[in-house]
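Numbering (the working numbering), first residue to last: 890 to 1118.
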């Protein structure tokens, strides 16, 4: 379950060696959304989410979750990932069942601004497509198109989480999942591992609307710590 958010987004216990965490995402968290020249010369602006994760972990960017890419990792963050190939679904499920800890941000209708137009392959995944593996874990991701189309706050375990056109997780089948926050969060025991899922990705945005930047940092740091420790 989620822990109460601390008063700062920074991790208080510094360690000499940071644990590795895989990052599999179409969002510009690791490389940013600048052009290739800016990335190569280092002028591309670092995303605040990357900075926050790197306070505790060494990020290993992933472009696949096939076995040869994720073997050796025991923690992975998936943020608005691309659709998985059948072999990736199998590999990820096996990885979790062997004891992996996985945090997923699965947004059914991404509202984050992108400099790239619709249809551009460099644009983040607008609609998450993870039904095969969610079904395997006993979950379904639903979307209510009648909800308000602006960022708002949802209270979960005493914390106020920013969401914008969020989805809703529903437990199905024989999965071992706990649902909270009117479906915003799901926690699943899968074999020897566990999966924490959030049905929205607005918490990863940089715009200060319903939640300030400082609030997002606190909430995200707490969520990552709870899911991956």
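Even glycine gets a Cβ: it sits at the ideal position worked out from N, Cα and C.
Beta bridge counterpart(s) of residue i as assigned by DSSP
i            : result
residue 1106 : Note: residue 1106 sits in no beta bridge, so no partner.
residue 1048 : 1045
residue 992  : 966, 1085
residue 1029 : 1059
residue 1078 : 1065, 1083
residue 910  : 948
Cβ shell of residue i (< 7 Å), same chain only, five flanking positions each side left out
i            : result
residue 1060 : 1027, 1028, 1066, 1068
residue 986  : 1079, 1080, 1081, 1082
residue 950  : 912, 919
residue 968  : 914, 916, 918, 994, 1090, 1093
residue 1023 : 1029, 1030
residue 955  : 976, 977, 980
residue 963  : 988, 989, 990
Where the beta strand (DSSP E) through residue i begins and ends
i            : result
residue 1060 : 1056-1060
residue 949  : 946-950
Opening and closing residue of the alpha helix (DSSP H) in which residue i lies
i            : result
residue 1073 : Residue 1073 -> no alpha helix (DSSP H), and no H or E assigned at all.
residue 939  : 937-942
residue 956  : 956-959
Cβ shell of residue i (< 8 Å), same chain only, five flanking positions each side left out
i            : result
residue 1042 : 1049, 1050, 1051, 1052, 1099, 1100
residue 973  : 954, 981, 1019, 1021, 1022
residue 1074 : 891, 1045, 1058, 1068, 1085, 1086, 1087, 1088
Secondary structure of residue i, DSSP reduced to three states
i            : result
residue 917  : coil
residue 1096 : coil
residue 1114 : helix
residue 979  : helix
residue 1021 : helix
residue 1016 : coil
residue 901  : With a pLDDT of 44 at residue 901, under the threshold of 50, the modelled position of this residue cannot be trusted; read the value that follows with caution. Three-state result, residue 901: coil.
residue 1091 : helix
residue 1001 : coil
residue 971  : coil
residue 1034 : coil
Own chain residues within Cβ distance below 6 Å of residue i, not counting five before or after
i            : result
residue 908  : 946
residue 1076 : 1067, 1085
residue 1056 : 997, 1030, 1032, 1088
residue 991  : 965, 985, 1084
residue 978  : 1021, 1022
residue 1014 : 915, 969, 971
residue 1103 : none
residue 1116 : 992, 1085
Legend entry - Inter-stretch contact at 8 Å, needing at least 3 Cβ pairs: the stretch 1089-1097 / the stretch 1058-1065: no
Any contact between the stretch 1033-1045 and the stretch 938-946? By contact I mean 3 or more CB pairs, one from each, below 8 Å.
no
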